[in-house]
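Numbered by the working numbering, the letters in the sequence shown go through residues 778 to 1310 in order.
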Amino acid sequence: MKTVEQCHNYVLSLHINGSQLYACGTYAFDPKCAHFDLEELKINSTDPGQAKCPFDHEQRLTSILADGELYAGTTDDFFGMKAVIERTSSKRVSIRTVESKSWLHDPVFAGVELIRGNATKHEGDEVIFFFSEMASEFSYISKPMVPRVARVCKDDNGGLRVLQNKWTTFVKSRLECGSGNMLPFTQLQDVSVMPNNPDDASDTTFYALLIPQWKDVVASAVCQYHLRDIQTSFSNDFLRYNDGDRKWQREKPGFKVHPGTCITPEMRKNGDFTSSYNLPDDSLRYLQESPLLAGVVKPYKDKPLFVAHHDTYTRIAVEPSRPDLKLRKSRIIYLGTDKGVLHKVVLRDNGTYVSSKINLFNSSIKNILLASSKGMLYVSSAEGVAQVPVVYCQAYSSCSLCVKDPHCTWNSTHCIIFEADRRLLKHSVETTCEPITGIEGNNARIQSDKDCSSPLMLLGLSMLVLLVISVVLTRLWTHHHRVCCLDNTKLECINSFPPRKHENLGCDNHLVEYTNGYGNITEPPNQTSDNEK
């Protein structure tokens, strides 16, 4: 018996289709989709929602609308037991996966992306699916869950005799997210895509958010994968179960066309194959048995970008690179937690840290949409939707908080937006600072025989140097460009100065170089100050 709460109409997908909005919902365990007029938001027509939307809102769904056709990964029965990846279209016959555990074994869908083919390379369009499923290829007492990436070709029409109305191009590879003795992260939560080159879709990066399979382990990881590595894996040998040896083995199929191959424009031009109807039956039978490929797709640098040991992240969004972020060699990732908190995470070559945490909801974050053109994040949970600005420098009340955010900089009195095309230091410096050495961790000390109140220490500009050692933020307060107080509050620094000598005590972020855990501070240009000319 279903509860009243379960029988609401939960809208689970929204897609823009020209001048219309295409929405699909559970509709009290009777899925339906509707075409809305975008101007008036009136329903123009409705469609059956089976295989486009699950019956139960607790079941996972991922979908994308490509050229008027819907590609969806979901379940298509009342009990949520039959998983399917299906393309539905008003222009041609629907195509779906084979109902077999060798194709989909209790999957949890996490993401989908359309990859446009490169015309100059005679490539066709592809649709990439990300999901986790139970792994049949491991001989364990209990089947482990593994992350997968699968591909179907957009021009796939199914087979003529074998795999009729089924995918002839569906192949899947295993993703890896872990390193050495690290706990493997196997359950995909969400995927964020980042095109790096608008003229080359193959130059695309995927940021995958994963958690461990075991519910009592609270941890999350983000792994980065490149599309070229994923596409290369789709040409690997297949992984087949040998009944005689009772184990899985690599197998190279001996067909003219590799099973699962997309029909490219070049193949059509040469007359080899004009459509999936022309593919050999024996090749399709081989694929029908199992589309699992051998090998594994490894993450960038063979390890996660970062691991959070005390948070369960549910959704991810990656901010596109901007001039200010490039200048600071930073990548910003937004992560939503199961507690309704939004984390702004900064990735740098030397380490990763959480720049800010915003409490938005009391329940798990369900989606994060980054609208770069508006400079806004739209974050949703079961409670509602929140609009959050990407840049919120005015919210930081202290220098130490301000300079942790790559969008921001401190101007000695308050936090302002950092602009890459504006000089950070508006005045020149009379002399360079003395070299600072021997700075290590929380026990850092300034190695200098000059007292803070010495006239030699009270010249130049004011700024703060942000020193990051082992991802620990340490404040270096300066007065007129001379470092005086390390890891103290501003009040403590003020008390160390003679009366009325602390007016210019302030801070700003500054370039720091990192060598073996020690900080070597890069000084600004050595020039003469304007007021001394």
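Glycine residues also receive a C-beta, built at the ideal position from the N, C-alpha and C atoms.
Distances from the CA of Q1026 to each of L1070, E1043 and N1055 were compared; the closest alpha carbon is that of L1070.
Taking a C-beta distance under 7 angstroms as the contact criterion, T1089 and S997 qualify as a contact pair. Scanning the region 964-1023 from its first residue to its last, the whole alpha helix (DSSP H) runs of 4-plus residues come out as 1004-1010.
It is roughly 14 angstroms from the alpha-carbon of M1153 to the alpha-carbon of I1109. When the five nearest sequence neighbours on each side are left out, the beta carbons in the same chain lying within less than 8 angstroms of the beta carbon of V939 are those of D1058, L1061, R1062 and Q1065, in order along the chain.
With a minimum length of 3 residues, the unbroken runs of beta strand (DSSP E) contained wholly in the region 1070-1140 fall at 1083-1085, 1090-1095, 1108-1114, 1118-1125 and 1128-1136.
The beta carbon of Q827 sits closer than 7 angstroms to the beta carbons of P808 and D853 from its chain, once the five residues preceding and following it are set aside; these are given in chain order.
The residues K809 and A811, in chain order, have a CB closer than 6 angstroms to that of T823 in the same chain once the five nearest residues on each side in sequence are set aside. In this structure, the CA atom of N821 is about 50 angstroms from the CA atom of Y1018. Distance from the CA atom of I1145 to the CA atom of T963, rounded to whole angstroms, is 21 angstroms. In terms of Cα proximity to R1092, the closest of N1139, S969, P1081 and Q1171 is S969. A distance below 6 angstroms between beta-carbons, with the five flanking residues on each side excluded, links I1135 to the following residues of its chain, in chain order: L1119. A straight-line Cα-Cα distance of about 22 angstroms links T780 and K1143. Its chain contains K943, T945, S1053, Y1054, L1056, D1058 and L1061 as the residues whose beta carbon lies nearer than 8 angstroms to that of G936, once the 5 sequence neighbours on both sides are disregarded; these appear in chain order. At the C-beta level, L842 and H792 come within 7 angstroms of one another. Per the Cβ contact rule, the region 1028-1043 is not in contact with the region 850-864 (fewer than 3 Cβ pairs under 8 angstroms). As DSSP reads the structure, S950 sits in a beta bridge with V926.
Contact between S866 and S790 does not hold, since the beta-carbon distance rounds to 16 angstroms and is not under 8 angstroms.
One thing to note: L960 has its Cβ within 7 angstroms of the Cβ of P989.
Restricting attention to N786, G845 and K878, the CA atom closest to the CA of M858 is found in K878. DSSP, reduced to helix, strand and coil, places E1066 within a helical segment of the structure shown.
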